[in-house]
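Enquirer: This is the structure, below, for whatever I ask next.
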Amino acid sequence: MPTVLGFEGSANKIGVGIVRDGSVLANPRRTYLTPPGTGFLPGDTARHHRACVLDLLHEALSEAGLNSKDIDCVAFTKGPGMGAPLVSVAIVARTVAQLWNKPLVAVNHCVGHIEMGRLITGATSPTVLYVSGGNTQVISYSEHRYRIFGETIDIAVGNCLDRFARVLKISNDPSPGYNIEQMAKRGQKLVELPYTVKGMDVSFSGILSYIEEAAHRMLATNECTPEDLCFSLQETVFAMLVEITERAMAHCGSQEVLIVGGVGCNMRLQEMMGTMCEERGAQLFATDERFCIDNGAMIAQAGWEMFQSGHRTALSDSGITQRYRTDEVEVTWRN
Ligand code: MG
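Residue numbers (numbering that gives the first Met the number 0): 0 to 334.
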């Protein structure tokens, strides 16, 4: 029964998780928050992660009731993500692995999300929508790869929401997207926005520019409220995501959808996806914020699958990379 320790820190969350044969034994996490109207910069985020990572490691071990002897493998996020935060966490993972004399496994962050979603929901062969602050992809497994069917051609959907939150000076606590979701519930009027689906791909940067300009103009003249704009943005971008997910399902003959990534805990997105699934006689799988927002257990879980199927990362090959596509990983643990 291997027990795997996982370190995640590719963006503004730092998490340390412990997984043993499908059980999450611990999964503490901290989020680096910045004032309303601002985002998180790589250097400051790395400083935050360095300040908390050892506390989180102790917390994870004590919550799981384990010590270093009980750990069989140390997994960490290789990428994709922001350079400085990735480096700060990878250094700790490498150091711990050497001090404790454990094998290292470098994990693709996107694969971590998929494996966590599969573990928690029990979805067997889903079409996956991965939506977060840094990533937007529709993925399906085939022939030992997670194949990307569609993706954003510019910014991620979560980045579009986060940056719109900055325009309206919405709080980043607990996340800008969560606060947009709450405001959107009070929206009354649908402001028409560009709808940008290009084949299987989507684009959000034009929508963001458009709504930024609309916000300055329409809020000044009371043509609509901030709540109306949050509502309109969510309805538009989520409809685009549901459309490309449905098209991938039709292509693959899939009857399951799994939503992963931080934007995946948005209940309105889940509701819209659920309606589409119902119409097709398909099933929707999603997780709550503990598992869909970046966390250490997802890296431990993907690491566990990799470790079990024989993966080991040599120290000399344990660097990070900001760009690391989901389909670069050979998925040796699935048939
Ligand atoms: Mg993520």
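In this text, a Cβ means the ideal position worked out from N, Cα and C, and glycines have one as well.
1. So what does DSSP say about S204, is it helix, strand or coil?
2. With a cut-off of 8 Å, do at least 3 Cβ pairs link the stretch 72 to 83 to the stretch 301 to 320?
3. Going by CA-CA distance only, name the one from F230, I169, S208 and G149 that's closest to A183.
4. Would you kindly work out how many angstroms separate the C-alpha atoms of N11 and Y31, rounded to a whole number?
5. Are there any heavy atoms of the ligand MG lying less than 7 Å away from the beta-carbon of D161, as far as the coordinates show?
6. Using the three-state DSSP reduction, which class does S67 fall into: helix, strand or coil?
7. May I ask you to list the residues that DSSP assigns as paired with A105?
8. Would you list the one or two residues that DSSP bridges to S22?
9. Note down, in chain order, each residue of its chain lying with its Cβ closer than 7 Å to the Cβ of I243, except the 5 sequence neighbours on either side.
10. Should H108 be counted as a contact of the ligand MG given a C-beta to heavy atom distance under 7 Å?
11. Which residue from C251, S315, I319 and H57 puts its Cα closest to that of V127?
12. Quick one: grab the DSSP three-state call for S231.
13. Under 8 Å between the Cβ atoms of Y209 and L192?
14. What are the boundary residues of the alpha helix (DSSP H) that includes Q136?
15. Hey, would you say P175 sits closer than 8 Å to D161, going by beta carbons?
16. Could you name the residues, in chain order, whose CB is less than 7 Å away from a heavy atom belonging to the ligand MG?
17. Please determine, among G5, M0 and P1, the residue with the shortest C-alpha to C-alpha distance to D293.
18. Measuring alpha carbon to alpha carbon, tell me which residue in V18, I258 and V256 is nearest A63.
19. How long is the line joining the alpha carbons of V130 and G260, rounded to whole angstroms?
20. For the alpha helix (DSSP H) that V259 lies in, which residues bound it at each end?
21. If you measure between the beta carbons of P35 and N171, is that distance less than 8 Å?
22. For F203, I'd like the list of residues in its chain whose CB is within less than 8 Å of its CB, leaving aside the five on either flank, ordered along the chain.
23. Per DSSP, what are the beta-bridge partners of F6 in this structure?
24. Rounded to the nearest angstrom, what separates D54 and Y177 at their Cα positions?
25. With respect to the alpha helix (DSSP H) encompassing V262, which residues constitute its N-terminal and C-terminal limits?
Expert: According to the data block:
1. Along the sequence shown, one-based indexing puts residue 204 at 205. Correct three-state label for S204: helix.
2. yes
3. On the sequence shown, position 184 is the one that residue 183 refers to. Of the listed residues, the one whose Cα sits closest to A183 is F230.
4. As a first step, residue 11 is located in the sequence shown; it is residue number 12 there, counting from the start. As a first step, residue 31 is located in the sequence shown; it is residue number 32 there, counting from the start. Going by the C-alpha atoms only, they are around 5 Å apart.
5. The residue you call residue 161 lines up with position 162 of the sequence shown. Because no heavy atom of the ligand MG lies under 7 Å away, the Cβ of D161 does not count as near it: no.
6. One-based indexing of the sequence shown puts residue 67 at position 68. Reduced to three states, the DSSP call for S67 is helix.
7. Here residue 105 corresponds to residue number 106 of the sequence shown, with the count starting at 1. A105 is bridged to F75.
8. Here residue 22 is taken as the residue at index 23 of the sequence shown, counted from 1. Note: S22 sits in a beta bridge opposite R19.
9. Along the sequence shown, read from residue 1 onward, the residue named residue 243 stands at position 244. Answer for I243: V137, G149, V196, M199 and V201, listed in chain order.
10. Taking the first residue of the sequence shown as 1, we reach residue 108 at position 109. Correct: H108 has its Cβ closer than 7 Å to the ligand MG.
11. The residue given as residue 127 occupies position 128 in the sequence shown. The candidate whose alpha carbon is nearest that of V127 is C251.
12. On the sequence shown, position 232 is the one that residue 231 refers to. DSSP places S231 in helix when its eight states are reduced to three.
13. Start at 1 with the first residue of the sequence shown, and residue 209 comes out as number 210. Start at 1 with the first residue of the sequence shown, and residue 192 comes out as number 193. A contact, by the Cβ cut-off of 8 Å.
14. The residue given as residue 136 occupies position 137 in the sequence shown. Segment T135 to S141 is the beta strand (DSSP E) holding Q136; no alpha helix (DSSP H) there.
15. Here residue 175 refers to the residue found at position 176 of the sequence shown. Here residue 161 refers to the residue found at position 162 of the sequence shown. Yes.
16. S9, A10, H108, H112, S131, G133, N134, G260, G261 and D293
17. Here residue 293 is taken as the residue at index 294 of the sequence shown, counted from 1. Considering only alpha carbons, the answer is G5.
18. Here residue 63 is taken as the residue at index 64 of the sequence shown, counted from 1. Out of V18, I258 and V256, V18 has the C-alpha closest to the C-alpha of A63.
19. Mapped onto the sequence shown, residue 130 falls at position 131. Mapped onto the sequence shown, residue 260 falls at position 261. Their Cα atoms are separated by approximately 5 Å.
20. As a position in the sequence shown, residue 259 is number 260, starting the count at 1. Here V259 belongs to no alpha helix (DSSP H); instead the beta strand (DSSP E) covers E255 to V259.
21. Translated into the one-based positions of the sequence shown, residue 35 becomes position 36. Translated into the one-based positions of the sequence shown, residue 171 becomes position 172. Contact: yes.
22. The residue labelled residue 203 in the question sits at position 204 within the sequence shown. So the qualifying residues of the chain are T135, T151, D153, I154, A155, V156, N158, C159, T195 and V236.
23. Translated into the one-based positions of the sequence shown, residue 6 becomes position 7. Per DSSP, V15 and F75.
24. As a first step, residue 54 must be located in the sequence shown, where it is residue number 55. As a first step, residue 177 must be located in the sequence shown, where it is residue number 178. Cα to Cα, D54 sits roughly 27 Å from Y177.
25. Counted from its first residue, the sequence shown places residue 262 at position 263. Segment: none, V262 is in no alpha helix (DSSP H) and carries neither H nor E.
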